[in-house]
Amino acid sequence: MVFASGQSKTPKLKYIRTCLGKHSIECGLNFQTINQTTFPSSSNPTISKGTPCSFHNLVDLVMKNKDGVRSTIIPSKVLLQLQNLERVKIVSCSGLKVVFPLSSKAKNISGLSVSQTVVKIPNLREVYLEWLDDLRYVWNNHQWMTLEFPNLTSLSIYVCNSLNYVFTSSMVGSLVQLQDLVISDCMNIEVIVSEVQRCDDNVNEIMLPRLKSITLCKLPRLSGFYLGKVAFSLTSLDTLEIEECPSFEVFTRGHLATPELKVMDTSFGMYYVHGDLNSFAKTRRF
1 MVFASGQSKT PKLKYIRTCL GKHSIECGLN FQTINQTTFP SSSNPTISKG TPCSFHNLVD
61 LVMKNKDGVR STIIPSKVLL QLQNLERVKI VSCSGLKVVF PLSSKAKNIS GLSVSQTVVK
121 IPNLREVYLE WLDDLRYVWN NHQWMTLEFP NLTSLSIYVC NSLNYVFTSS MVGSLVQLQD
181 LVISDCMNIE VIVSEVQRCD DNVNEIMLPR LKSITLCKLP RLSGFYLGKV AFSLTSLDTL
241 EIEECPSFEV FTRGHLATPE LKVMDTSFGM YYVHGDLNSF AKTRRF
């Protein structure tokens with residue numbers, strides 16, 4: 001869509017809102033178009049053929065109450081265009097299976113070289129997901145390609161009953177700014193960080209240096225945070241809540257460092273944490 005064929009001046013305009021969310025105008029007012037229907041089964045499709053839509057200046061992606069969403073909202077080929085994306089909020093969108101889909105073939109991602117193995121979403125700070133019953137992956141990685149989110153600070157996931165895990169061990173180490181993690185009411189989550197053998201064989205320690213708060217609630221199948229043998233370092237963690245997780249056995253199976261954690265909240269009250277958190281977890285019910 002062309003807003004103006006010549007030069008246009010909008011000195012007070014800072015953002016444009018479309019069906020995808022909020023866009024900055026740093027790259028101009030003219031938009032690309034999507035030539036496919038994203039929500040084919042919806043009675044009122046949000047994105048359809050010829051609808052103005054641009055990912056390169058997308059700041060906030062907000063999608064609520066949409067039925068019949070295809071497996072993804074963000075096509076894998078535009079991942080490198082998400083340089084300005086700061087926030088993702090998706091609520092009650094049936095059909096969505098993956099938020100950030102990573103193709104195993106570099107040629108399917110616009111701007112990616114054949115030899116490139118890492119795709120960064122550099123400015124994403126907040127992800128909020130709720131009532132996504134078909135969601136299987138927040139981000140899917142492939143054997144030779146990984147997504148990284150170096151400035152993500154907050155991740156909240158509620159009522160996503162098809163999720164089995166949240167992160168893979170191959171990408172979780174890139175979350176160096178992550179501060180708050182909340183996972184609640186997800187009936188089939190078994191582990192928060194899923195081990196990837198290729199990665200785990202070459203890594204001695206996974207560090208999340210800024211992670212201060214972890215909340216894990218109403219996760220009936222959760223057996224642990226990470227069940228691989230790689231050491232975990234959570235040097236800033238001072239708030240831990242694990243409630244209504246009856247299958248929880250151990251936080252990690254490798255060495256775990258949580259020097260700032262003194263107290264944790266469980267279904268049976270507050271407990272002082274003395275010594276190793278893993279040893280403590282084995283003696284408590286959650």
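Once you know that position 106 of the sequence shown is 106 in the UniProt record's numbering, the rest is easy, because the numbers rise by one and skip nothing.
Ideal Cβ positions, reconstructed from N, Cα and C, are used throughout, including at glycine.
V159 has its alpha-carbon roughly 5 Å from the corresponding atom of C186. F100 is bridged by DSSP to W139. If the five residues before and after V118 are omitted, its C-beta is found closer than 6 Å to the C-beta atoms of T146 and E148, all from its own chain and listed in chain order. Of the candidates S162, L20 and V182, the residue whose Cα lies closest to the Cα of E126 is V182.
Checking the DSSP bridge columns, you'll see E148 partnered with K120. The C-beta distance from V91 to T72 rounds to 16 Å, too long to meet the 8 Å contact threshold.
Distance from the CA of R210 to the CA of F268, rounded to the nearest whole angstrom, comes to 28 Å. Ranking K66, S169, K262 and S170 by CA distance to the CA of W131 puts K66 first.
Going by DSSP, N278 is part of the alpha helix (DSSP H) stretching over L277 to K282. Here the alpha carbons of Y165 and N84 stand approximately 27 Å from one another. The segment 279 to 286 and the segment 255 to 262 do not touch, with fewer than 3 CB-CB distances between them shorter than 8 Å.
With distances taken between CA atoms, L96 lies nearest to R70 out of S170, R70, M171 and H142. S194 carries a strand assignment under DSSP once its states are collapsed to helix, strand and coil.
Under the 10 Å beta carbon count, S279 is surrounded by fewer than 16 other beta carbons and is classified as exposed. Of T215, K212, E205 and L240, the smallest CA-CA separation from S233 is found for E205. Straight through space, the alpha carbons of L152 and L219 are spaced by roughly 23 Å. Scanning L227, F167, G224 and L216 for the CA closest to the CA of T266 turns up L216. Annotation: the continuous beta strand (DSSP E) that includes V182 extends over D180 to S184.
The criterion of a C-beta distance shorter than 9 Å is satisfied by V88 and Y128. When DSSP reads this structure, T252 sits in a beta bridge with Y226. The beta carbon of C93 sits closer than 7 Å to the beta carbons of M63, K66, V69 and L132 from its chain, once the five residues preceding and following it are set aside; these are given in chain order. Within the same chain, Cβ atoms closer than 7 Å to the Cβ of I192 are found at Y165, V166, F167, I183, F225 and Y226, the five residues on either side in sequence being excluded. Scanning E249, V203 and S223 for the CA closest to the CA of S170 turns up V203.
Around the beta carbon of P246, fewer than 16 other beta carbons sit within 10 angstroms, so the residue counts as exposed. Here the C-alpha atom of V250 lies approximately 9 Å from the C-alpha atom of L277. Of the candidates N161, L20 and G173, N161 places its Cα closest to the Cα of I189.
Closest by C-alpha distance to G254, out of H274, E243, A231 and T239, is A231.
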